[in-house]
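The structure under discussion appears below in the form of structure tokens.
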Amino acid sequence: MVLDAGCGMGRYLRIAGESSARLIVGLDVSGAVAAARELTAELPQVAVVRGDLLRPCFAPASFDRIYSLGVLDHTPDPRTAFLALARLLKPGGRIAIWVYPRQRPLIEAIMDLQRAVSTRMPLGLLGPLCQWSAPLGGLKRRLMSSRRWFIQRIGVALHLATIGVSMHPDPEVRVCDTLDWYAPKYLSRHTAEEVRGWFAEAGLTDVVDLSRNQVFYHEGQGHGINLAGSRPPAPGVP
Ligand SMILES: C[S@@+](CC[C@H](N)C(=O)[O-])C[C@H]1O[C@@H](n2cnc3c(N)ncnc32)[C@H](O)[C@@H]1O
8 MVLDAGCGMG RYLRIAGESS ARLIVGLDVS GAVAAARELT AELPQVAVVR
58 GDLLRPCFAP ASFDRIYSLG VLDHTPDPRT AFLALARLLK PGGRIAIWVY
108 PRQRPLIEAI MDLQRAVSTR MPLGLLGPLC QWSAPLGGLK RRLMSSRRWF
158 IQRIGVALHL ATIGVSMHPD PEVRVCDTLD WYAPKYLSRH TAEEVRGWFA
208 EAGLTDVVDL SRNQVFYHEG QGHGINLAGS RPPAPGVP
């Protein structure tokens with residue numbers, strides 16, 4: 008049994024469903040479950056449930072594997088949310104999570120300022136703004152990957168001014184990622200030490216940093232706190 012905790016529209020649920028014969032459950036609190044169901048409709052081993060991971064509708068120790076990518080940092084209390092998820096792990100099971108990384112204080116301040124404005128905007132305005140920002144993301148991407156130092160610096164300055172505007176190579180994903188940054192009420196950033204503390208508190212061992220050796224489209228994209236850990240097997244079980 009595998010749990011995709013906070014499956015959203017199901018992009019990773021589909022990948023997991025296509026690559027495994029195990030029963031995979033996608034859980035999400037939002038109406039995105041409708042899209043996740045559609046995306047995984049032809050995968051019989053995938054089930055999608057609408058529910059809150061803070062009050063899960065599953066018995067403790069239900070899952071062999073849990074992954075939760077970009078979700079805990081959108082809850083009001085990520086540590087509590089992580090501990091709730093870890094309780095769902097069977098002895099011998101493994102959990103992997105990804106959360107936004109804490110940045111330098113100046114960057115944190117810029118992010119907080121921008122989100123203080125964007126989270127107060129009506130979605131009817133923020134949505135089109137994110138759509139219109141897609142070419143800007145493409146421009147930042149080109150500038151920042153320039154070999155000319157001066158042009159690259161212009162790209163960095165532009166990026167700081169529009170830090171949540173995604174630079175993903177796919178313009179459609181850029182729009183989604185940008186909205187995903189500016190719209191959510193909660194968006195916390197964490198250090199690896201802090202997250203390792205959650206794993207320790209949950210009694211998890213064999214904690215590894217999955218972000219090592221990851222390949223990205225460009226510097227900065229996708230980097231996050233990406234750890235996995237295991238619940239030790241029950242006594243007497245090898
Ligand atoms: C940034 S999206 C990530 C979705 C998916 N993991 C992905 O990477 O495509 C965050 C998701 O977490 C979900 N979420 C936030 N709080 C949640 C909660 N308490 N219980 C379940 N899902 C939650 C949101 O509804 C949203 O779909």
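If you're matching positions, the sequence shown starts at 8 in my numbering and goes up one per residue. Don't be surprised by glycine CBs; every beta carbon is placed ideally from N, CA and C.
| Check | Outcome |
| --- | --- |
| Helix, strand or coil: which one does DSSP assign to P85? | helix |
| To the nearest angstrom, report how far apart A54 and S195 are at their CA atoms. | 29 Å |
| What residue from R111, A123, V9 has the CA that sits closest to R29's CA? | V9 |
| Would the C-beta of L217 count as close to ligand 3, meaning under 6 Å from any of its heavy atoms? | Ligands in the displayed structure: ligand 1; ligand 3 is not one of them. |
| Below 6 Å, is the gap between the Cβ of T87 and the nearest heavy atom of ligand 1? | no |
| Within 10 angstroms of its Cβ, does D80 collect 16 or more other Cβ (buried), or is it exposed? | buried |
| At what residues does the alpha helix (DSSP H) containing T185 begin and finish? | 178-189 |
| Buried or exposed: which applies to Y193, given that a residue is buried once 16 or more other Cβ atoms fall within 10 Å of its Cβ? | exposed |
| What residue does the alpha helix (DSSP H) around G144 start on, and which one ends it? | 141-151 |
| When every heavy atom of ligand 1 is checked, does at least one fall within less than 6 Å of the C-beta of A54? | no |
| Taking buried to mean at least 16 other C-beta atoms within 10 Å of its own C-beta, is R72 buried or exposed? | buried |
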